[in-house]
Amino acid sequence: MYDEDGFIHPYVPNAAPEARKHLLAEIGIENVTDLYASVPENLRVKGFLNLPNPMPSEHDLRRHVDEILAKNTSCREQLNFCGAGCWQHYVPAICDEITGRGEFLTAYAGGTYSDHGKNQAIFEFQSLIGELVGMEVVGTPAYDMGAAVNSAVTMACRITGRRGILLSGGLSADKHSQIRGFTKPVADLQSVEIDPSTGLMDLDDLKSKLNSDVGAVYFENPAFIGLIEDRGAEIAELVHAAGAMLVVGVDPISLGVLAAPADYDADIVCGDIQPLGIHMYAGGGCGGFIASRDEERFVNEFPMIMVSIAPAAGEGEFGFGWSTMQRTSYDKRHDSEDYAGTTQWLWGIGAAVYLSLLGPRGMREVGEGIMQRARYAAERIEGLEGASVPHMDGHFFKEFVVDFSASGKSVAEINAALLKRDIFGGKDLSSDFPPLGQVALFCVTEVHSKADIDRLVNCLGEALS
């Protein structure tokens, strides 16, 4: 826009008076204020907002923004051992190269004919995720894992015709809050207790809460605190015997070494695609997915678009387009049981590139490397005075809990000491899980070297002394 002195902002082309006049004439009004005729006068802002003067010089603007960004401390300058839902994995250069191409660089989807190449790329994403989790049907990327979980558990309730949802008590506080907020109008939630001796779901408590009202049981594998649930088949048998459905949330980068959820009879699988070639960032969705068997009762309940393949007129040619749109909110509108929501096609393409690049062998190598690094880190930290790692006799992937209660120091104090040594410490869980005491969730991935882990241990020793 332009001010009273006639200044035209260089980054807003339509601020030029002639362009502005033409736009207003095109829509049949004389003044911008006519656009707000339906807004009562007492609700309109009077005068001008208290904003700084514009910077017409691109050089000045860039320097100003760089000064703001310089206040941040990133994982390029610091060692990072914090995960808890946004993890530092290596992103191959080709992932950025492909997702940065003009043909793909938008978070949203185009039409069947205008975005044929993008549709094919997303079809490949669906196929690769399906192979990874052992399912035949995968929807286009959800906004994030939280959105995927919400839709997955309510899908199960609609299919079974039941309102009850049992959630593992080991979910993160954020995830539990998301599910509670989304499902409150349509479902009844209960938590399954965690067995303190294992850190996993208490199956006796699960059995006591399974009844004819329960439509879905949800747990994550690996769990939020990194522990691997090796009783998946037993849990599935209990759930199915009660007439409910088993929904499993996964970290897809773990599936190079862990069994696919389909192998232990999960009905619906959901997960986060951020570990698959997507950088850490905040302020938007990192992408999630939902997968199921190729059965009509499942497919009809998927809220998001699906891209399908069909033979074209030319020999050996194929077309890619959106299928069964009648089940989505695009068609049902206000009668829809769920809504398609904001998709993350760009990150789906990045995940497809990552999976294609690594292949089954590469995924196995990455998974094994992560498990070995995490185990080494846990064993080294376990040897520190004032620190202990619960459930060391169990198996964990990428993340593990460290208990600092015996040190007499809070996690906040320890993390502050680590920060002074250029290390981001583990996620403080003391407020999310008060009974556990002063505990933190540490994350170790393929980006960490032995020297990085040794440095963490040495700095932790100094912080605890």
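Read in this note's numbering, the sequence shown has 304 at position 304, and its numbers run on one by one without any break.
Backbone N, C-alpha and C fix where the C-beta goes; we use that ideal spot for every residue, glycine too.
Here the structure is a predicted model, which is why all the values come from computation and not from measurement.
Compute the distance between the beta-carbons of residue i and residue j, then report whether it is under 8 Å.
i	j	result
Phe-289	Gly-146	no
Val-192	Gly-164	no
Gly-85	Asp-174	yes
Val-269	Met-392	no
Val-257	Gly-367	yes
Arg-297	Ile-179	no
Arg-293	Val-137	yes
Phe-104	Ile-309	no
Ser-410	Ala-387	no
Ala-236	Ala-266	yes
Ile-228	Phe-400	no
Ser-223	Ile-273	According to the sequence provided, residue 223 is Ala. The question's Ser does not apply to it. Contact: no.
Ala-374	Val-389	no
Ala-216	Ala-244	yes
Phe-320	Val-307	yes
Leu-128	Ser-356	yes
Leu-238	Leu-206	yes
Ala-282	Gly-130	no
From this set, the options, which residue's C-alpha is nearest residue i's C-alpha?
i	options	result
Val-444	Tyr-90, Thr-73, His-22, Ala-266	Tyr-90
Glu-301	Arg-327, His-279, Val-307	Arg-327
Leu-167	Leu-200, Ser-127, Gly-161	Leu-200
Gly-271	Met-325, Gln-126, Ser-407, Leu-357	Gln-126
Pro-52	Lys-46, Val-45, Leu-61, Arg-44	Leu-61
Trp-347	Arg-63, Cys-286, Ala-70	Cys-286
Ala-416	Leu-464, Gly-130, Ile-235	Leu-464
Leu-132	Arg-455, Asp-251, Glu-58, Ile-305	Asp-251
Val-299	Gly-283, Thr-324, Tyr-264, Phe-318	Thr-324
Asp-432	Ala-244, Ile-225, Ser-356	Ile-225
Ser-151	Val-247, His-240, Leu-227, Pro-196	Val-247
His-116	Ile-381, Trp-322, Ile-129	Trp-322
Asp-230	Gly-394, Pro-40, Leu-49	Gly-394
Ser-74	Met-280, Leu-49, His-59, Glu-295	Met-280
Ala-436	Arg-380, Arg-333, Asp-195	The sequence as given places Leu at residue 436; Ala does not occur at that position. Per the Cα distances, Asp-195.
Asn-31	Asn-50, Asn-42, Pro-17	Pro-17
Arg-421	Lys-184, Glu-77, Asn-72	Glu-77
I believe residue i touches residue j by the beta-carbon criterion, under 8 Å. Please report the beta-carbon distance rounded to the nearest angstrom.
i	j	result
Lys-398	Ile-370	5 Å
Val-439	Asp-403	5 Å
Val-149	Tyr-218	7 Å
Gly-425	Phe-81	6 Å
Gly-83	Leu-441	7 Å
Pro-10	Pro-56	6 Å
For residue i, I'd like the list of residues in its chain whose CB is within less than 8 Å of its CB, leaving aside the five on either flank, ordered along the chain.
i	result
Ala-242	Leu-210, Asn-211, Ser-212, Val-214
Asp-452	Leu-79
Leu-384	Val-457, Leu-460, Gly-461, Leu-464
Glu-234	Leu-203
Ile-526	What the structure shows of the chain is the stretch from 1 to 465, and residue 526 is not part of that stretch, so it cannot be assessed.
Pro-360	Gly-256
Glu-58	Pro-10
Within the same chain, show all residues whose beta-carbon is closer than 6 Å to that of residue i, passing over the 5 residues directly before and after it, in chain order.
i	result
Ser-449	none
Ala-187	Cys-157, Arg-163, Ile-165
Leu-419	none
Ile-253	Pro-275
Met-363	Gly-256
Arg-380	Val-457
Ser-38	none
Ile-68	none
With a threshold of 7 Å on Cβ separation, who are the neighbours of residue i within its own chain once the five nearest residues in sequence on each side are excluded?
i	result
Val-353	Ile-94, Cys-95, Ile-98, Gly-277
Val-447	Gln-88, His-89, Tyr-90
Arg-455	Leu-79
Asp-263	Gly-134
Leu-358	Val-366
Ala-412	Asp-428
Does the beta-carbon of residue i, which I'm using as the reference point, lie nearer than 7 Å to any heavy atom of the ligand GTP?
i	result
Ile-165	No copy of the ligand GTP occurs in the structure displayed, which carries no ligand at all.
Less than 8 Å between CB atoms is the rule here; does residue i satisfy it with respect to chain C?
i	result
Arg-380	The structure shown contains no chain C; it is built from a single protein chain.
Which residue spans inside the stretch 378-459 form an unbroken alpha helix (DSSP H) run of at least 4?
411-420
Completely contained alpha helix (DSSP H) runs for the stretch 290-338, where each covers 4 or more residues:
296-299, 329-332
3-residue-minimum beta strand (DSSP E) runs that sit fully inside the stretch 337-362, ordered along the chain
none
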